[in-house]
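J.:
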Amino acid sequence: MKNKRITILCFSAFLVLIAVFGGIKEKEWNRQHSISVEITSDGRTEEVKLWMSPQEEYFLFLPSYADLSQVQIRRHVSGPLYLDNQKVTDGMDCSAFPMDEPMELIHDPLMGYQWNELTVRQSGNVPTMFIDVQSGNMDYIHAQKGNKESGTMRLYTADGELDAVAMVDALQGRGNSTWLWPEKKPYSLRLGEDTDLLGMGTGSRGVLLADAFDPSCIKNKIVYDLAADAGMPYAPDCQWVDLYLNGEYAGLYLLCERNELHPNRVDVPAESSFLVSWESESRMIEQGYPYVKMERGTALRVHQSALDLEEVRSLWQSAENAIFADDGIDPVTGKHWLELIDLDSWVKLFLVDEISGDYDGGRQSKFFYYQETDGVGKIYGGPVWDKDDAFAAGHWTVTPPNCLVASRSSGGTVEGRMFAGLYQKEEFFNRLVEIYQRDFLPHLKVLLDTGIEAYADQIAEAAQLSEFRWKLGYDPEAYQIIRDFLGARMEFFDAYWIRRETFHRVVVTDASEGGTGEFAVRSGDCVPYLPDYGPEAGIWGWYLAETGEPYDVTQPVWEDTKLIIRRNDS
475 MKNKRITILC FSAFLVLIAV FGGIKEKEWN RQHSISVEIT SDGRTEEVKL
525 WMSPQEEYFL FLPSYADLSQ VQIRRHVSGP LYLDNQKVTD GMDCSAFPMD
575 EPMELIHDPL MGYQWNELTV RQSGNVPTMF IDVQSGNMDY IHAQKGNKES
625 GTMRLYTADG ELDAVAMVDA LQGRGNSTWL WPEKKPYSLR LGEDTDLLGM
675 GTGSRGVLLA DAFDPSCIKN KIVYDLAADA GMPYAPDCQW VDLYLNGEYA
725 GLYLLCERNE LHPNRVDVPA ESSFLVSWES ESRMIEQGYP YVKMERGTAL
775 RVHQSALDLE EVRSLWQSAE NAIFADDGID PVTGKHWLEL IDLDSWVKLF
825 LVDEISGDYD GGRQSKFFYY QETDGVGKIY GGPVWDKDDA FAAGHWTVTP
875 PNCLVASRSS GGTVEGRMFA GLYQKEEFFN RLVEIYQRDF LPHLKVLLDT
925 GIEAYADQIA EAAQLSEFRW KLGYDPEAYQ IIRDFLGARM EFFDAYWIRR
975 ETFHRVVVTD ASEGGTGEFA VRSGDCVPYL PDYGPEAGIW GWYLAETGEP
1025 YDVTQPVWED TKLIIRRNDS
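Residue numbering for the sequence shown is 475 to 1044, as defined by the numbering used here.
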């Protein structure tokens, strides 16, 4: 009898523990997932979950196409649930919900489960992509860039029309510095079959760019569209989307075609082609990417190739030799540089970098492909890629409108600056000026007049919602900086390239605190802004590199000049 009593007491205690710990777990689960909503459009229904801020305020982020009368609440808890003193029932619609106004959400008031606030916010004017991965969350994918998961994808237009449904073979992280960003991540997307997404053409691979470093959220889109308008081969098509991952709002993204050898992307004969890009050698070693290195230091990441690495290296080395040869001929193969590269595509790639003032212009993330036609092979410039550091990105080396990027001969791997070598060649320069005036200038004028502002207006609501979620520094007026920079840039090119006024090259180097800048300064003008760190930083000032004499940055420039900064420890 005594043993039976002990057994009953132990079992009762066990039930109490289950109730206590279960209640704690339920309370936590209630706070996170007490309700979600289902949004119906074009015959399909999507679930959207609530988001909790660090201040434990709750938000429902709705896509552009959501009609509150078609948004239904789904309860995931038992017990009374009230929203602004109105009892919440499963399946009720949200038509009476105010937009952008906090509502009090209480679960089971007798138990004291009270949520601080619930606010409904909505995007506008952009399509919506829903991706669900098998695990139901992004923990595994976010743990390491190479981790991938399969799942499903649905894509809706801004008006709610179902645009595409597809199986996802793999969703995974991508990027380098952008991937290291602790919050909003970029992704690569591989679908189970070729699918046309938003009219961009059929394909199975795409990229979701987070644009986390771009306060305007429009730089990549502007440059990719400009490249396409100017006739640059295989410029990536792209569209903005609001992204939802496993029902959770992830923000505004730019959905882009991926740079790859594919019949619907870079369509070249597969048996004799390659796709490469200029990249940092240390980064490729760190991440295990296949690459080849040239005699002058140029490092090429080999993305795809029907040729072996030595064949890729040999073809590129021949072009590099010819470009830097005094007579323009590779002494090994006997071929002229114009026989080895496609002039117009290299000119357009150069112009995209130079016009946009891209911080990485002429250095990194520059794609090239090799194509043979009737037995004659050439290296082509493009497709264009990675322009979130363009248009006066904030660094002193690329903020002035007379900065040089693609044509600069300093900084980075000096020996590998093929664009700098090409810029010195009459054939390249003359073609550059011709293509700039014919293919780029008309589109630049449209951008300056109405285009840039139209881009900004299109994403204003979506970008503000994304900024509310991530706090990355989106500025609705940042497009003005782009427009001002581009207008001044066009005036500079008019004087520098078209009227061919007298300019001098000024190279300024601060190796320890900001690298090297290169500028074209009109004869008699002063150098543009140079950082003044002040005595507290141990700075002596700017000096002439050749003589070591102090340099007065307010004096006019009458010749090519090289400047360095000196510190009290140098």
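We put the CB at the ideal spot given by N, CA and C, even for glycine.
Here the structure is a predicted model, which is why all the values come from computation and not from measurement.
In this structure, what does DSSP give as the bridge partners for residue 892?
T.: Start at 1 with the first residue of the sequence shown, and residue 892 comes out as number 418. Its beta-bridge partners do not exist; DSSP assigns none.
J.: From which residue to which residue does the alpha helix (DSSP H) around residue 812 run?
T.: In the sequence shown, residue 812 corresponds to position 338, counting from 1. Run containing residue 812: 811–814, per the alpha helix (DSSP H) assignment.
J.: Would you mind stating whether residue 707 and residue 683 have Cβ atoms separated by less than 9 Å?
T.: Here residue 707 corresponds to residue number 233 of the sequence shown, with the count starting at 1. Here residue 683 corresponds to residue number 209 of the sequence shown, with the count starting at 1. Contact flag unset, no.
J.: Just how far apart, CA to CA, sit residue 543 and residue 726?
T.: Within the sequence shown, residue 543 is the residue found at index 69, counting from 1. Within the sequence shown, residue 726 is the residue found at index 252, counting from 1. Roughly 24 Å separates the two Cα atoms.
J.: Buried or exposed: residue 759, going by 16 or more other Cβ atoms within 10 Å of its Cβ?
T.: In the sequence shown, residue 759 corresponds to position 285, counting from 1. It counts as exposed.
J.: Counting Cβ pairs closer than 8 Å, one from the segment 561–574 and one from the segment 622–630, do we hit at least three?
T.: No contact exists between the segment 561–574 and the segment 622–630.
J.: In the structure shown, what three-state DSSP assignment does residue 519 receive?
T.: Here residue 519 refers to the residue found at position 45 when the sequence shown is read from its first residue. If DSSP states are grouped into helix, strand and coil, residue 519 belongs with the strands.
J.: Should the segment 943–951 be regarded as contacting the segment 848–867, the criterion being three or more beta carbon pairs within less than 8 Å?
T.: Cβ pair count under 8 Å is below three, so no.
J.: If we call anything under 9 Å between Cβ atoms a contact, is residue 748 one with residue 700?
T.: On the sequence shown, residue 748 is found 274 positions in, with the first residue counted as 1. On the sequence shown, residue 700 is found 226 positions in, with the first residue counted as 1. Going by C-beta atoms, residue 748 is not nearer than 9 Å to residue 700.
J.: Assuming residue 695 contacts residue 843 under a Cβ cut-off of 8 Å, what Cβ separation, rounded to an integer in Å, is found between them?
T.: Here residue 695 corresponds to residue number 221 of the sequence shown, with the count starting at 1. Here residue 843 corresponds to residue number 369 of the sequence shown, with the count starting at 1. That belief does not hold up - the Cβ atoms of residue 695 and residue 843 are roughly 23 Å apart, past 8 Å.
J.: For residue 596, is the classification buried or exposed, using 16 other Cβ atoms within 10 angstroms of its Cβ as the cut-off for buried?
T.: Position 122 of the sequence shown, counted from the first residue, corresponds to residue 596. The residue in question, residue 596, is buried, as its Cβ has 16 or more Cβ neighbours within 10 Å.
J.: How many Å lie between residue 876 and residue 920 at the Cα?
T.: If you number the sequence shown from 1, residue 876 lands on position 402. If you number the sequence shown from 1, residue 920 lands on position 446. Each residue's Cα considered, the two are about 21 Å apart.
J.: Taking the alpha-carbon of residue 637 as reference, which of 898, 654 and 669 has the nearest alpha-carbon?
T.: Mapped onto the sequence shown, residue 637 falls at position 163. The shortest Cα separation from residue 637 among 898, 654 and 669 belongs to 669.
J.: Leaving aside the five residues before and after residue 1035 along the sequence, list all residues of the same chain whose C-beta is less than 6 Å from its C-beta, in chain order.
T.: On the sequence shown, position 561 is the one that residue 1035 refers to. So the list reads 980, once near-sequence residues are dropped.
J.: Nearest-angstrom Cα distance between residue 752 and residue 775?
T.: As a first step, residue 752 must be located in the sequence shown, where it is residue number 278. As a first step, residue 775 must be located in the sequence shown, where it is residue number 301. The straight-line gap from Cα to Cα measures roughly 6 Å.
J.: Going straight from the alpha carbon of residue 717 to that of residue 606, what length do you get?
T.: As a position in the sequence shown, residue 717 is number 243, starting the count at 1. As a position in the sequence shown, residue 606 is number 132, starting the count at 1. For residue 717 and residue 606, the distance between alpha carbons rounds to 11 Å.
J.: Could you tell me the distance, in whole angstroms, from the CA atom of residue 889 to the CA atom of residue 798?
T.: Translated into positions along the sequence shown, residue 889 becomes position 415. Translated into positions along the sequence shown, residue 798 becomes position 324. Residue placement at residue 889 cannot be trusted, given a pLDDT of 45 that sits under 50; the coordinates are not used to answer.
J.: What does the alpha-carbon distance come out to for the pair residue 815 and residue 754?
T.: Here residue 815 refers to the residue found at position 341 of the sequence shown. Here residue 754 refers to the residue found at position 280 of the sequence shown. Computed Cα separation, rounded: 22 Å.
J.: Buried or exposed for residue 615, going by 16 or more other Cβ atoms inside 10 Å?
T.: Taking the sequence shown and counting its residues from 1, one reaches residue 615 at position 141. Residue 615 comes out buried.
J.: What's the C-alpha gap between residue 837 and residue 880?
T.: Mapped onto the sequence shown, residue 837 falls at position 363. Mapped onto the sequence shown, residue 880 falls at position 406. Computed Cα separation, rounded: 8 Å.
J.: Which residues in the same chain have their Cβ closer than 7 Å to the Cβ of residue 650, if we skip the five residues on either side of it in sequence?
T.: The residue given as residue 650 occupies position 176 in the sequence shown. Once the five neighbours on either side are set aside, the close Cβ partners of residue 650 are 757.
J.: Please specify which runs of the alpha helix (DSSP H), each continuous and at least 4 residues long, are wholly inside the segment 642–729, giving them in chain order.
T.: Counting only runs of 4 or more, we get 693–703.
J.: Taking just the CA atoms, how far does residue 958 sit from residue 952?
T.: Within the sequence shown, the letter at position 478 stands for residue 952. Within the sequence shown, the letter at position 484 stands for residue 958. Approximately 10 Å between the Cα atoms of the pair.
J.: With distances taken from CA atoms, which of 1038, 688 and 648 is nearest residue 861?
T.: By one-based count along the sequence shown, residue 861 stands at place 387. Looking at the Cα atoms, 688 is the closest of the given residues.
J.: Quick check on residue 845: buried or exposed, where buried means 16 or more other Cβ atoms within 10 Å of its Cβ?
T.: For the purposes of this step, residue 845 is taken as the residue at position 371 of the sequence shown. Answer is buried; the Cβ neighbour count reaches 16.
J.: Tell me where the alpha helix (DSSP H) around residue 943 begins and ends.
T.: Reading the sequence shown from its first residue, position 469 is the one you call residue 943. Per DSSP, residue 943 belongs to the alpha helix (DSSP H) from 926–944.
J.: Taking residue 728 as the reference, give the member of 639, 658, 771 and 996 with the closest Cα.
T.: Locating residue 728 in the sequence shown gives position 254, counting from the first residue. Nearest of 639, 658, 771 and 996 to residue 728, Cα basis: 658.
J.: How about residue 619 and residue 598: do their beta carbons lie closer than 9 Å?
T.: The residue given as residue 619 occupies position 145 in the sequence shown. The residue given as residue 598 occupies position 124 in the sequence shown. Result no, Cβ atoms of residue 619 and residue 598 do not sit closer than 9 Å.
J.: Is it right to say residue 1003 is buried, meaning 16 or more other beta carbons lie within 10 angstroms of its own, or is it exposed?
T.: Numbered from 1 along the sequence shown, position 529 holds the residue referred to as residue 1003. The residue in question, residue 1003, is exposed, as its Cβ has fewer than 16 Cβ neighbours within 10 Å.
J.: CB residue 853 to CB residue 773, shorter than 9 Å?
T.: Looking up residue 853 in the sequence shown gives position 379. Looking up residue 773 in the sequence shown gives position 299. No. Outside cutoff.
J.: Just curious, the alpha helix (DSSP H) that residue 961 is in, first and last residue?
T.: Locating residue 961 in the sequence shown gives position 487, where the first residue counts as 1. That run of the alpha helix (DSSP H) goes 952–967.
J.: Looking at the structure shown, is residue 750 part of a helix, part of a strand, or coil, going by DSSP?
T.: Position 276 of the sequence shown, counted from the first residue, corresponds to residue 750. Three-state result, residue 750: strand.
J.: Taking Cβ positions, are residue 529 and residue 621 nearer each other than 9 Å?
T.: To locate residue 529, count along the sequence shown from 1; it is residue 55. To locate residue 621, count along the sequence shown from 1; it is residue 147. Not closer than 9 Å, so no.
J.: If you reduce the DSSP assignment to three classes, tell me which class residue 595 lands in.
T.: By one-based count along the sequence shown, residue 595 stands at place 121. Of the three classes helix, strand and coil, the one that applies to residue 595 here is strand, per DSSP.
J.: Please name the residue, chosen from 608, 579, 841 and 796, that lies closest to residue 721 on a Cα-to-Cα basis.
T.: What you label residue 721 is simply residue 247 of the sequence shown in a count that begins at 1. Of 608, 579, 841 and 796, the residue nearest in Cα terms is 608.
J.: On the premise that residue 977 lies in contact with residue 704, defined as a C-beta separation below 8 Å, what is that separation, rounded to the nearest angstrom?
T.: Numbered from its first residue, the sequence shown carries residue 704 at position 230. Numbered from its first residue, the sequence shown carries residue 977 at position 503. About 24 Å separates the two Cβ atoms, so there is no contact after all.
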